[in-house]
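To start, the structure under review is shown below, and the notes come after it.
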Amino acid sequence: MAQSGLTKLVHSVLRDVGKQCCTIGKYQQRALSYVVPLATTTSICHNHAAKALLWNAGNNKYLYSTDATKKPASPEILSKLFPQTATNVDEETERERKRKEEEDAKENEKAWKRMKLGFAVFGGSGVALAIWAVYEFGKPEVDVDGHIIEDEFSKSPIVQQYLQRMWKSMNYYQKMIQEPSRAKLLPDPLKPPYIQPPYTLVLEMKDVLVHPDWTYQTGWRFKKRPGVDVFLQECAKHFEIVVFTAEQGMTVFPILDALDPNGYIMYRLVRDATHFIDGHHVKNLDNLNRDLKKVIVIDWDPNATQMHPDNTFNIARWKGNDDDSQLFDLINFLKAIATTDVDDVREVLHYYRQFEDPIMKFRENQAKLLEQMQEREREEKTKSKPIVKNWSRNFLGR
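For the sequence shown, the numbering used here gives the first residue as 21, with consecutive numbering after it.
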């Protein structure tokens with residue numbers, strides 16, 4: 021009876037193993053059932069009970085075994101076969117869990133130590149840098165003989181002297197970055213017998229005259245805008261041309277040397293001549309040393325001319341396209357101002373500033389003006405025609 025009961029238990033366990041090993045598909049599940057004597061029970065358990073399951077699907081044969089899946093027998097099945105192993109399995113699981121917790125705790129402790137070390141190094145470096153800055157920027161100046169030169173802080177306590185001198189140095193460098201390097205950016209206007217052009221034309225270089233272009237093959241290059249040579253030549257007849265840009269001088273000067281071999285550009289102003297306001301390099305025309313009634317700025321960036329918007333003629337930013345013709349239209353616009361002897365260019369520029377595309381509006385105004393001139397010519401011709409007819413009749417005796 022005992023052997024029969026144990027045999028039934030083994031049958032039940034093997035059916036569970038067969039169900040776990042079978043694939044659920046369109047084919048009917050078939051599990052192998054084994055009836056084994058009690059003496060072979062241990063051997064079956066060590067071989068995971070079911071070694072192989074073979075089934076036929078079409079012309080192909082597939083072999084599925086617990087060895088292929090590499091999955092150990094379920095602890096629940098072993099517990100059914102050998103109830104005494106259930107406690108051992110729980111203890112092993114608990115030991116594994118504790119081991120992982122200990123490893124995680126050690127790893128977290130190492131990470132925290134590394135973080136504290138990083139903070140210590142960072143803080144120490146900051147303190148050392150602060151001490152060096154106070155000493156370097158706060159020390160008094162010395163003459164050629166090495167004697168200390170007294171200043172307004174010499175009578176203060178030594179620590180206060182160094183701190184005040186450092187603060188003064190920091191304000192100086194901040195001012196050097198944010199304000200122009202000089203108060204008068206251009207020399208005084210030319211006096212007779214030299215010829216001083218009546219108007220000053222201030223041009224942005226980047227994306228107005230040239231466009232920076234970068235490729236893997238060539239690196240950085242600057243492309244000339246279509247019509248730039250004609251533009252400089254024609255504008256030089258009526259304007260004092262000044263290039264005023266926020267680019268560095270070491271970049272600007274070689275480009276302008278190649279762009280303007282004839283010297284139409286009279287002055288070149290770069291980044292050190294700008295104000296730095298809210299992250300933008302701003303062109304302050306008050307430092308230009310010219311009458312603002314006669315100054316025209318050509319730019320595409322409103323932030324660069326925010327201090328003098330009425331002197332600015334904003335055009336579209338050139339992006340390197342070859343079909344651009346804005347400079348030719350700009351020549352006509354500037355010629356119209358120069359030839360009509362406008363007293364204050366800000367009135368004209370203020371009118372065009374209200375339009376999104378001032379060049380297009382200027383074209384429309386040109387077309388209207390041309391129509392008006394043609395209409396006047398036709399009216400004058402019609403008025404003078406009867407007089408000619410009467411004179412010819414009298415002359416011919418008709």
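C-beta atoms are modelled at their ideal positions from N, C-alpha and C, and glycine is treated no differently. Bear in mind that the values here come from a model prediction, so they are computed numbers and not experimental data.
As assigned by DSSP and simplified to three states, the class of residue i
{"i": "L276", "result": "helix"}
{"i": "H370", "result": "helix"}
{"i": "E170", "result": "coil"}
{"i": "I215", "result": "coil"}
{"i": "V154", "result": "helix"}
{"i": "V147", "result": "helix"}
{"i": "K126", "result": "helix"}
{"i": "V162", "result": "strand"}
{"i": "E199", "result": "coil"}
{"i": "C191", "result": "It should be noted that the sequence gives Asn, not Cys, for residue 191. N191: helix per DSSP, three-state reduction."}
{"i": "Q326", "result": "coil"}
{"i": "R310", "result": "coil"}
{"i": "K204", "result": "coil"}
{"i": "K388", "result": "helix"}
{"i": "K133", "result": "helix"}
{"i": "E400", "result": "helix"}
{"i": "K118", "result": "helix"}
{"i": "L210", "result": "coil"}
{"i": "D321", "result": "coil"}
{"i": "G45", "result": "The predicted position of G45 is uncertain, since its pLDDT is 43 and thus under 50; no value can be drawn from it."}
Residues that residue i bridges to, as DSSP identifies them
{"i": "L221", "result": "I261 and I316"}
{"i": "K235", "result": "In the sequence as presented, Lys is not what sits at residue 235; that position holds Thr. T235 pairs with G239."}
{"i": "H300", "result": "I297"}
{"i": "K244", "result": "V230"}
Same chain only: Cβ atoms within 7 angstroms of residue i, ignoring 5 sequence neighbours per side
{"i": "L229", "result": "L223, R245, V248 and L279"}
{"i": "F353", "result": "F382"}
{"i": "Y236", "result": "none"}
Sequence-distant residues of its chain with Cβ nearer than 8 angstroms to residue i (five each side left out)
{"i": "V302", "result": "T294, H295, F296, N323, A324, T325, Q326 and M327"}
{"i": "K401", "result": "none"}
{"i": "Q253", "result": "N282 and Y284"}
{"i": "M286", "result": "E260, I261 and V262"}
{"i": "I357", "result": "Y219, I316, V365 and V368"}
{"i": "L276", "result": "M225, V263, I285 and R288"}
{"i": "T113", "result": "none"}
Cutoff 8 angstroms: residue i Cβ touching any chain B Cβ
{"i": "R117", "result": "No chain B appears in this structure, which consists of one protein chain only."}
key: Every unbroken alpha helix (DSSP H) inside the stretch 247-297 [4 residues or more]   = 248-255 and 269-279
ask   = Can you list the beta strand (DSSP E) stretches of 3 or more residues lying completely in the stretch 332-383, in chain order?
value = 332-334
task = Could you tell me whether the stretch 326-335 touches the stretch 193-211, using the rule of 3 or more Cβ pairs below 8 angstroms?
result = no
ask   = So does the stretch 318-330 actually touch the stretch 253-260, counting three or more Cβ pairs closer than 8 angstroms?
value = no
query = Below 8 angstroms, can you find three or more Cβ-Cβ pairs linking the stretch 199-207 to the stretch 173-182?
reply = no
message = Whether or not the stretch 142-162 and the stretch 182-189 are in contact is what I'm after, with contact meaning three or more pairs of Cβ atoms, one per stretch, closer than 8 angstroms; do they touch?
response = yes
inquiry  = Three Cβ pairs or more, each shorter than 8 angstroms: is that satisfied between the stretch 362-380 and the stretch 299-314?
reply    = yes
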